[in-house]
Amino acid sequence: MSSRILVVEDDPSIRLGLKRSLEFEGFAVELARDGEEAIQRAFDKKPDLIVLDIMLPRVNGFEVCRTVRKYDAAIPILILSAKGDEGDKVLGLELGADDYITKPFSIRELTARIKRHLTRRRQAEGEVDKFEEEGLEIDFAGQTMSVHAEARELSTREFKLLQFLIQNRGRVLSRDQILNKVWGYDYDGTPRTIDNFINKLRQKLGDDPTSPKWIQTVRGSGYKFRPSA
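In the working numbering, the protein residues as written are 1 to 229.
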């Protein structure tokens, strides 16, 4: 299946040019003309990567990046901008963008960067089938877990939550990011749902609630799985 690219660009000629060039490279391309449309399509179409202009009508690209990243920790966001100012680049990256290309750019360079980020995402999403560390053994495919050789029962949702945390180990994940990845965008639950599941997972992992070893709380931000040693 072709990777789905959302191109967000208000200039009609650039937008059409990017669509044709990326489709020629084998990508499926969705288009958005302004920031509001971009946010809507990001949630409705669930693209694999977003190519995002900064100077957009209605909602600028920085705000689009901020909004999308709040709910999706993994989707690559590649910013295109006529602004080459270092401050803008830094702001874009701080808001969660994965890359920043200044106009004018070559389509070959853009395509190469897109392919690189898509490859990294596929590797990240598929790399955790099993986890073994300090007495904790997890088989996600077989849905089994043991702590110091003692079997622990987890629900399918708990395995999915734990896998998402481990795949992003060391990275702070907000409650909204977790909720939308593990439960889905249409779920009507609240961030409190995440707290309850985290507490149950900690008990099954044998984590000390006052000083958890595996799943750490980042006050005001969310949770992260303990970074690699």
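Each residue gets a CB set at the ideal place from its N, CA and C atoms; glycine is no exception.
Looking at the DSSP output, D139 sits in a beta bridge with K130 and T144. By DSSP's assignment, L49 forms a beta bridge with I5. In this structure, I166 is the residue among L136, I166 and S211 with its C-alpha nearest to the C-alpha of P227.
Straight-line measurement puts the Cα of S155 at about 21 Å from the Cα of P212. With distances taken between CA atoms, E132 lies nearest to W214 out of W214, D11 and R219. Just measuring C-alpha positions, the residue of L49, P57 and T217 sitting nearest T119 is L49.
By alpha-carbon distance to H117, the top candidate from D99, Y71, E25 and V182 is D99.
Counting only unbroken stretches of 3 or more residues, the beta strand (DSSP E) elements lying wholly within the stretch 57-87 are 77-81, in sequence order. Beta-bridge pairing by DSSP links L31 to V7. D176 sits close to P191, with the two beta carbons spaced by under 8 Å.
Runs of the alpha helix (DSSP H) spanning 4 or more residues and lying entirely within the stretch 164-224 occur at 175-178 and 191-205, in chain order.
Rounded to the nearest angstrom, the Cβ distance from V64 to L80 is 12 Å, too far for a contact under 8 Å.
Per the coordinates, the alpha-carbon of V7 lies some 17 Å from the alpha-carbon of D72. Straight-line measurement puts the Cα of S174 at about 9 Å from the Cα of V218. The C-alpha of L93 is placed about 19 Å away from the C-alpha of A112. Here A38 is buried: its Cβ has 16 or more other Cβ atoms, across all protein chains shown, within 10 Å. In the structure shown, A151 adopts extended strand secondary structure according to DSSP, grouped into three states.
Straight-line measurement puts the Cα of R152 at about 44 Å from the Cα of F62.
With respect to G35, N60 sits close: the two C-beta atoms are nearer than 8 Å. The beta carbon of E9 sits closer than 6 Å to those of R15 and D53, all from its chain and outside the five residues before and after it, given in chain order.
The DSSP-derived three-state label of I114 is helix.
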